[in-house]
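Peer 1: At position 62 of the sequence shown (counting the first as 1) the number is 61 in numbering that gives the first Met the number 0, and the numbers step up by one without a gap.
Built from N, CA and C at the ideal position, the CB exists for glycine as well.
Keep in mind the model is a prediction, meaning the values are calculated, not measured.
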Amino acid sequence: MAGGLGSRFGGDKQLVDVGPNGETFLDYAIRDALAAGIGSVVVVARTDLDALLRDHLARQHGPDLPLTIVHQDMHGPDRHKPWGTGHAVLSAASACPGPVVVLNADDHYGPTGVRRTVEALLAGGGSRGVILAFKLGRTLSSSGSVSRGVCRIAGDVLVELVETHGIRREHGRIVADDPSGQLPDDAPVSMNLWGLPEAAIARLPGQWAAFHAVHSDDPSAEFLLPEALDQQRAEGLLPIDVVGTEEPWIGITSREDLETARTALAET
Numbered sequence: 000m001a002g003g004l005g006s007r008f009g010g011d012k013q014l015v016d017v018g019p020n021g022e023t024f025l026d027y028a029i030r031d032a033l034a035a036g037i038g039s040v041v042v043v044a045r046t047d048l049d050a051l052l053r054d055h056l057a058r059q060h061g062p063d064l065p066l067t068i069v070h071q072d073m074h075g076p077d078r079h080k081p082w083g084t085g086h087a088v089l090s091a092a093s094a095c096p097g098p099v100v101v102l103n104a105d106d107h108y109g110p111t112g113v114r115r116t117v118e119a120l121l122a123g124g125g126s127r128g129v130i131l132a133f134k135l136g137r138t139l140s141s142s143g144s145v146s147r148g149v150c151r152i153a154g155d156v157l158v159e160l161v162e163t164h165g166i167r168r169e170h171g172r173i174v175a176d177d178p179s180g181q182l183p184d185d186a187p188v189s190m191n192l193w194g195l196p197e198a199a200i201a202r203l204p205g206q207w208a209a210f211h212a213v214h215s216d217d218p219s220a221e222f223l224l225p226e227a228l229d230q231q232r233a234e235g236l237l238p239i240d241v242v243g244t245e246e247p248w249i250g251i252t253s254r255e256d257l258e259t260a261r262t263a264l265a266e267t
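1) Give a yes or no on contact between the region 158-176 and the region 192-209, applying the rule of three or more CB pairs nearer than 8 Å.
2) Using a Cβ-Cβ cut-off of 8 Å (strictly less than) and excluding sequence neighbours within five positions of residue 87, which residues of its own chain qualify?
3) For residue 55, does the count of other Cβ atoms within 10 angstroms reach 16, so buried, or fall short, so exposed?
4) In its own chain, which residues sit with a C-beta less than 8 Å from the C-beta of residue 178, not counting the 5 before and 5 after it?
5) When you compare only the Cα positions, how much space is there between residue 93 and residue 247?
6) Label residue 181 either buried or exposed according to how many other C-beta atoms from any shown protein chain fall within 10 Å of its C-beta, with 16 as the threshold for buried.
7) Out of 126, 189 and 121, which one is the CA nearest neighbour of residue 148?
8) Ends of the beta strand (DSSP E) at residue 168?
9) Quick one: using the 10 Å Cβ neighbour count with 16 as the cut-off for buried, is residue 294 buried or exposed?
10) In terms of alpha-carbon separation, which member of 145, 203, 238 and 236 lies closest to residue 175?
11) According to the Cβ coordinates, are residue 241 and residue 116 closer than 8 Å?
12) In terms of alpha-carbon separation, which member of 258, 142, 135 and 238 lies closest to residue 125?
13) My parser needs the alpha helix (DSSP H) runs of 4 or more residues fully inside the region 197-245; what are they?
14) Under a three-way DSSP split, which group does residue 0 fall into?
15) Checking 8 Å against the spacing of the C-beta atoms, do residue 98 and residue 195 come in under that value?
16) Closest to residue 101 by CA distance: which of 113, 122 and 192 is it?
17) If you draw a straight line from the alpha carbon of residue 13 to that of residue 184, how long is it in whole angstroms?
18) Measuring alpha carbon to alpha carbon, tell me which residue in 253, 45 and 245 is nearest residue 267.
19) Compute the beta-carbon to beta-carbon distance between residue 11 and residue 251, rounded to the nearest angstrom, for a pair I have assumed lies under 8 Å.
20) State the DSSP-derived secondary structure class of residue 251, mapped to helix, strand or coil.
21) I need the boundaries of the alpha helix (DSSP H) containing residue 30, first residue and last residue.
22) Answer with buried or exposed for residue 90, where buried requires no fewer than 16 other C-beta atoms within 10 angstroms of its C-beta.
23) In angstroms with no decimal places, state the Cα-to-Cα distance between residue 217 and residue 18.
24) If you run the structure through DSSP and keep just helix, strand and coil, what is residue 261?
25) By Cβ distance, which residues of its chain are closer than 7 Å to residue 317, with the 5 residues on each side in sequence left out?
26) Pick helix, strand or coil for residue 106, following the three-state DSSP scheme.
27) What residues are listed by DSSP as bridge partners for residue 177?
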């Protein structure tokens, strides 16, 4: 998913070079996905980024990359702000009905996490989803608060996903604003890497229709993938297995995080 506006970053994070050879986070994700056995790459992006993305990806991966670019803004309704990650996946549904691995184009998850997600998805037999979890303390930004999906787990199965906002370190503790409280350093959190069977993708149009019926006039409302999938889980339609990784998550929330990310990637 590469359709965001990068408002807090102040630009298109999807195209910012973070690797020693001009790689973007998307380049690392593509390489890790192909190495894990993924057969094709579908990038969800804005129309205005199409030419830049194609040129960059051709230089990094060569002409034989099995690539499709889907324009989220062409899947309406029309508005300046994208309709969210759930809408992004819905926009790409015809290009990749499932099973699929879905991830953000501005995060680095590590090859182990991507591989474990693929393996767990294939082991699920077409009826189970997968979520990759990191330890919360390894996903914070030194330049401000963040939002994370905090996972409640029982026997490696997701029981609840709580979107938590305003998470930051404060006086040696990790605290959050909404819901308010203190969180443990090793709390498992989602960074939006999912393995999804075809049935989960097929339910998204109905969920989107229900969402849009309520929020059609709200210029900032977002149809978010984690909330849609957690609703499927809560309704007993999509059991979600949780896999973990000890590899570090690397990402950027603001420009102040950029050099830290470049240093971390140089050490991987």
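Peer 2: So, to answer that:
1) No, they do not touch.
2) Excluding sequence neighbours, residue 87 sits near 0, 2, 43, 71, 81 and 224.
3) By the 10 Å Cβ count, residue 55 comes out buried.
4) Excluding five sequence positions before and after residue 178, the CB atoms of its chain that fall closer than 8 Å to its own CB belong to 161 and 163, given in chain order.
5) Straight-line spacing of the CA atoms in residue 93 and residue 247 works out to 33 Å.
6) By the beta-carbon neighbour count (other beta carbons within 10 angstroms, threshold 16), residue 181 is exposed.
7) The residue among 126, 189 and 121 with its C-alpha nearest the C-alpha of residue 148 is 189.
8) Per DSSP, residue 168 belongs to the beta strand (DSSP E) from 156-169.
9) Outside the shown range of the chain (0 to 267) lies residue 294, about which nothing can therefore be said.
10) Of the listed residues, the one whose Cα sits closest to residue 175 is 145.
11) The Cβ atoms of residue 241 and residue 116 do not sit closer than 8 Å to each other.
12) Measuring from the Cα of residue 125, the nearest candidate turns out to be 238.
13) Fully contained in the region 197-245 are the following alpha helix (DSSP H) runs of length 4 or more, in chain order: 197-214 and 224-233.
14) Three-state DSSP puts residue 0 in coil, outside helix and strand.
15) Residue 98 places its beta carbon less than 8 Å from that of residue 195.
16) When only C-alpha atoms are compared, the closest one is 192.
17) Straight across, the Cα-Cα distance linking residue 13 with residue 184 is about 28 Å.
18) Closest option to residue 267, judged by alpha-carbon separation, among 253, 45 and 245: 245.
19) By a beta-carbon distance limit of 8 Å, residue 11 does not contact residue 251. Their separation comes to about 12 Å.
20) Three-state result, residue 251: coil.
21) Its alpha helix (DSSP H) spans residues 24-34.
22) It counts as buried.
23) One C-alpha to the other measures close to 38 Å.
24) Residue 261 falls in the helix class under three-state DSSP.
25) The question about residue 317 has no answer, for the chain in this structure spans 0 to 267.
26) Three-state result, residue 106: strand.
27) For residue 177, which the question treats as bridged, DSSP gives the partners 164.
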